[in-house]
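Residue numbers (my numbering), protein chains in the order written: chain A, 1 to 502; chain B, 1001 to 1502; chain C, 2001 to 2502; chain D, 3001 to 3502.
In structure tokens form, the structure reads like this:
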């Protein structure tokens, strides 16, 4: 939900470790950009929010924040780093007083993070304070921002979330709910918001329901979270997904459900099933783990190949590989071991150490690879740099053949809805055919699941143009909202002239 | 220049160590709240600004910030702590690129400082970015803030400086200089601003000239600073003080002097001479060191007393004590030694250790005190707690008599112009006569310089009602500007509902 | 290799988070206590050592250290924390000059770690400096220490490694190799040492070969490491395991193999196969991954049970569970998801959150568990507290039945050879029968692999009393060395009177 | 009390900021190398020790340590940094339990400090633990160290204090006091020790009494400290100086005074009076402040010069300057202002900034200098680099003439007794006559106090060869002890081969 320029889908600020040379190949991964959590009326609101955010940590490791309200004051703690490192001190948690809380985790970049961008964002309004946490990305943020700056409004962060604050502040409506509705009617894009006012915790999902948001309950206290795994950790019951376009208001009257927006056909992000969501989460009643296994099975049916073992690229490729192995009747083996003690970087020693970067995270398990015809299963190919190195590593460990199977269709388009993707030209699949990609990556064969296969795995007979059910723009280019900023040519404008020195 | 509530002149946020119990009696001191620096067109702009801020460190030890502009981007580094600790790394300084820079140091509180309040404040305007650094305090900040929030503007900090940003942003004027003039015509209070746009470094002093701002030059490059000591450290030449109500614009056309405000009679803060400014600085052509010595001499003439030694309360009382001793023909002795290695706090051991707090900073020098009739010279009495302890310490070191002489008139009123003073009721002199104060502090005699004596020492025959020349409101209650916020009763309003957890 | 009291096998110093209440149940895990690495003659010695230690990080996460020698000076960097966090700065690595290096990683405790105990230990000897890194534990350390202190020797650390330094220092032999042999002939217990003198890198394995040590080569440069995974990461070739009782000397004459100790029958720690070593390592020619799968298969044959799914307790139970599933013909499912973003601790919220600790690390995957008869496969049961919580978590996720299968025999005895085990009374299996344990843990059935089954899986027909091949004392109580300290009753002596405040 | 090589009197380890180029010219200062404190039987032992060390902070700013004993355990906290920063947390102080405590502060270097060298040093002996804190330097440390290493003893630090530990450990005596006496009979040099055993706090001063140690009492509890200012801060009464060669034992029998060494004539370091001790301390009944003023007076009598003002180089030159001004009948003025907010370093901007280093610490006060004939009074000239810069700064501030008067005789020899002096060749006075020095420094005249004048100021009619009363070796080369290490040529030996990476 960093806007900078959504159509660059890169970041103009901060230092990036360059390209696939970096030891951890971070820029060869798609990353969910945020997770949100909110709870109303529980005496342990801040502690439960911390736990919920911990369970959502896979949606953002750069920074975390919690804001509470105790009836008189808002209390905020926002810090760079993991939830478990910043929200475990008794002194900190005791200061986050009050029975209402919202929280946010944010993605990790290798560059300089900016403290003023950490969420939840809090501001003073004529009606009192409001804290906002956002998962998603607005596609007319720059256009609105430029307009408001011209009208004399000051922006302090470089997040698109701040636009919503300004729209709420300038709404002519006389109550908070209407101001928020007003504001959201003006934005385009994908969003799941949780907000905290002095009286209410509010959750809203965009009319297409691109990003997830679920509703749970613990001992009569409602809570909102990006995924069900955040309900599980605190022992809460999963009630249902917040509906696309629905606004949930939690206050002393209990739960109120509003639908302030014109109804639209739902377009949930299918990549949440493929990769972003945690395997133990349930999205719109479908367990993510099951979805992944079914995709793997479908992939095996679509693209079989004679082989000895099916090996996942850990951790994300595991369920699809299990599904593939089961459907193909082949042994599933842990041919690649993941090292979880990864620090920042290492000084590169002599050249003879090939692909050090990938080795810091993954080790080949010779016992499962040597002499074998190996089917590697991964969830996606972004730039292709990591795949190339992993294939090379697997070959050096003695694999006789390496076949790669990808549990998503080719990623040909950038995402403008809250996923950190490279510019389109950097996406391997946008410039190359599958057979070219196979050559680049160095595999004996390469196959992606088809769009049709993906939809079958998700329980639909096929994708239909007028009601595709999912947002699959990164595979199809069929963006479900207007891309106003891009249309306006604003992609070339720099969002902020300010660079904060770490 | 923290507004919170200027009429409380305390801080509503953060934790304060309570009262005079604290080991260092910090709350028994008046503190200048800021220092500013700016330079245009020098290749070492950031390094020179860092040095200038180092020389101004006595005006604020809590935090420091520098913003530069390199022709394309603004670069900012703002951090808690001393200049010498935050702006000495090559890596940091190299990032502060560009030939234009402004900087700011900020006072130290014992409570939790808030990062978003660290200056210079930078914002994106329709015309581009602008960085602002402020020394002073606005007396209609709350009133303006409330007004603007009602109009839908969002405030991110709790500084009054941000008001000026908003006023500039909403000005209808079409160029930056006019927008700034517009904005400043709407504010009341005391200010010395330095600002940095993409083209200019701008310095402005309020029409009364309450806070200092001087102009210097180094190899043809102009610079602005709160005091001349910041020019000295970089080897720059002191040209003159910026005039009250003058706006200095430094850009590629050189130096332009504007006078956008109606002319008023100057009212420079006399306490800058007494205490705040560094003794080696020159303000409006008068060396501060000389002024202090002359005040001490005048004090000796006004309030002589038979004694053996004149002892300053270090460090601030030293020049006045030297003046007093010279005029009185008495020996000047260092009867109190100051310990400069002061850490934060110590755990208090057993009760028998009297006045530990003061002892962490000061030690009695028995050799200069035992058996002597001692005249202690200090610059002011605020709450009186520190004086009480120092007198007690001097008596325990064997002084036969202790007479206290203060080089300022009794401090009876709070300052609303950028000095951190306690609420009026906490000022000892607001509730007690001099003889009562003598009893409370435990001295054999106590005298303050008279208003008349102070003006004589400053080279004026007397203070005249219609042209007092100085702001001396803390002694006289004669505030030179309207106090709109207080009149509006807004003193009871809380500025922000947000408390940031450290 | 902390000695404190090896027969307490606990730590007398520092604060321990108490019992299984701790959120991460750390004290319910067996932990390898160290990993070592050494390289001779490579220009990138320090960088390669850092990488090797990174690959050995699973053997110790508390602290890491590297010592190099550049022909003139030793250079040491030893720090608390992960290798990847402490040995990645160019500035650090550049100071670790020279073509000879050894390194050490050390286990993590929940208490206060002591900097002076971080290895490699370096001392000045009459013959020059010597750095020592140790994996293992000496069983006559206290006895020797007491003896040497009585003779006037000073001990600075509380590690048993320091004993070896003193023995080397006081040896009457005239060259380093003989001094080391002398010293090691006096110690009992388990050890794999790497040492660095001004001329040599030396590796020694105890006569029983309890702890691992392997030899590799990269471009003609020899290296020593605890496991082959440390050779893989730097691209080195695995040559062979250092033999039990063998001393490898690397110097300018190349590699010299010495056997200074009386030959004994090898007794490699079988638990390295079961749990400690990384699955992609190869120990004495057997891939650890294969060993674990074979153990799982053997376990399925020994203890079948009707069920729907086989679920590993991640990460350590995975290969055994795969083996079990394969042999049993049952589906293998990831029914428990591991959260790798674990911080230190969380503030516990309301009581209704059951077993929060275990949930911070593990989440149940309902999709794989609900309504199923589940076979959980784990590597061992120590105190039983974690197992109890995991079983409870799996049941709450809807499992119809829960059967637990353990890929090691019951752990009934403490280890005195370098593994951090609780005191014997705290080991669940030392006080309870298998059926009692099943009740305590709350499973429908519980089975451990038999000693015979374990040996079969390892390729032996059976365990024989006179040549058991492995050290399996934790299962059998058959300790392969004398336990002098315990015999001497020194278990009650406090090692050091000093407690270092963090 | 770092030995490294006492005859280099420099440090062979760590990085030094080079020469007078450094901004703070640290290497142009003599530095006392340590301060010690000890207390027996007070419930607040650790807190009082922290305060005492705070008062002794001028004797060492690099590091501080406190060790307590609570009847069962020793508790130690040793850290880099100021006492006030490391010993103020309640959590820390609560862990330093027990009624017996000793503490140590250590000098500041610009290089890498080594944690293992921080005192008090604690070791386990056959008789139990012993903590040792040392002020001074041993002149046969290397010789003894070499001897002991040859005998198989291991050294862990590079301090000469550790030698004493080893000598105590190997003593054949049967009680602690005799072991300590034994050990000290073997060492040469200067020392004031405080030690802490399980039963006693012990203070010892070397037979010549080169370094100070005083005895005080607070509510019946005895304490030992390097200077009386440490007694004052805790409100303790100064009883007397510990005698040269006296050992004070504090235990449950009260105070015992022993004299285990052959009596010698006292040789207290006269430089403690001139510079090292705090002005408010009293040494051997003479207030340091008085001594300095008397030296200044004597200097005025010996070396008068027509002038307008007497200006001290702050802070150390102040009392001597006051004495000089009084005796000369000239005004005393603060012509140089000291900036106490000194950080580490600054990035040097353009060349036109002359002498930036000195300016970071000192500013010229033009008001007191311009047009004046100035007498600068300083305590010593070491390398002369700082003096040169200060004189230049004073001239640039407009001084008509600059005369320098030094309140010590020319420093021609290195100190081997605990003061950090440059090698002899680096001492300006060792290579140049006074008139040459005047030219180098750039003054119109230069004079040092004579040896005779110094002794007169100290109350002696003259210095006599056979009973000089003071150690004045740095002025006379008359070293009062043997310099065994130097005689043995061991000056060329490197003490340790180990360099610790920060």
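The beta carbon of each residue, even a glycine, is placed where N, CA and C say it ideally should be.
Item, Value
"Segment limits, beta strand (DSSP E) that includes residue 339 of chain A", "Residue 339 of chain A -> no beta strand (DSSP E), and no H or E assigned at all."
"Min CB distance residue 2044 of chain C to chain D below 8 Å", "no"
"Status (buried if at least 16 other CB within 10 Å, exposed otherwise) for residue 1456 of chain B", "buried"
"Cα-Cα separation, residue 1358 of chain B to residue 2184 of chain C", "60 Å"
"Same chain only: Cβ atoms within 6 Å of residue 1482 of chain B, ignoring 5 sequence neighbours per side", "1188"
"For residue 3238 of chain D, the residue or residues it bridges with in DSSP", "D/3216"
"Which listed residue (D/3181, D/3089, D/3066) has its alpha carbon closest to that of residue 2500 of chain C", "D/3066"
"Alpha helix (DSSP H) segment containing residue 191 of chain A, residue limits", "Note, residue 191 of chain A: premise wrong, no alpha helix (DSSP H); beta strand (DSSP E) at 189–196."
"Residues of its chain near residue 3095 of chain D, where Cβ-Cβ distance is below 8 Å and the 5 sequence neighbours each way are ignored", "3075, 3077"
"Span of the alpha helix (DSSP H), counted from its first residue to its last, around residue 3319 of chain D", "3318–3328"
"Counted within 10 angstroms of its Cβ, other Cβ atoms place residue 3153 of chain D as buried (16 or more) or exposed", "buried"
"Contacting residues, own chain, Cβ-Cβ under 8 Å from residue 431 of chain A (five flanking each side not counted)", "425"
"Heavy atom of the ligand FAD within 7 Å of residue 3214 of chain D beta-carbon", "Within the structure as shown, the ligand FAD is missing, as the structure has no ligands at all."
"Burial state of residue 2140 of chain C, where buried means 16 or more other Cβ atoms lie within 10 Å", "buried"
"Short Cβ contact (8 Å threshold) for residue 2387 of chain C with residue 233 of chain A", "no"
"Members of the region 3066–3084 of chain D near chain C, C-beta cut-off 7 Å", "3073, 3074, 3075, 3076, 3077"
"Identity of the residue in A/88, A/175, A/130 nearest residue 164 of chain A by Cα", "A/130"
"Residue 3088 of chain D: first and last residue of the uninterrupted beta strand (DSSP E) it sits in", "Unbroken run through residue 3088 of chain D: none, as it is neither H nor E."
"Integer Cβ distance of residue 3298 of chain D from residue 3449 of chain D, believed to fall under 8 Å", "6 Å"
"For residue 3270 of chain D, the three-state DSSP class (helix, strand or coil)", "helix"
"Segments assigned alpha helix (DSSP H), at least 4 residues, entirely inside the region 1404–1448 of chain B", "1428–1431, 1434–1441"
"Reduced DSSP secondary structure (H/G/I, E/B, other) of residue 3162 of chain D", "helix"
"Inter-residue CB distance, residue 58 of chain A and residue 2360 of chain C (contact presumed, cutoff 8 Å)", "In fact, because the Cβ distance is near 14 Å, the residues do not count as touching under 8 Å."
"C-alpha distance - residue 2244 of chain C paired with residue 2209 of chain C, whole-angstrom precision", "4 Å"
"Contact set for residue 2384 of chain C: own chain, Cβ-Cβ below 7 Å, skip 5 residues either direction", "2428, 2437, 2440, 2441"
"Unbroken beta strand (DSSP E) run spanning residue 3103 of chain D, endpoints", "3100–3106"
"As assigned by DSSP and simplified to three states, the class of residue 147 of chain A", "helix"
"Limits of the beta strand (DSSP E) - the one that residue 2078 of chain C falls within", "2074–2080"
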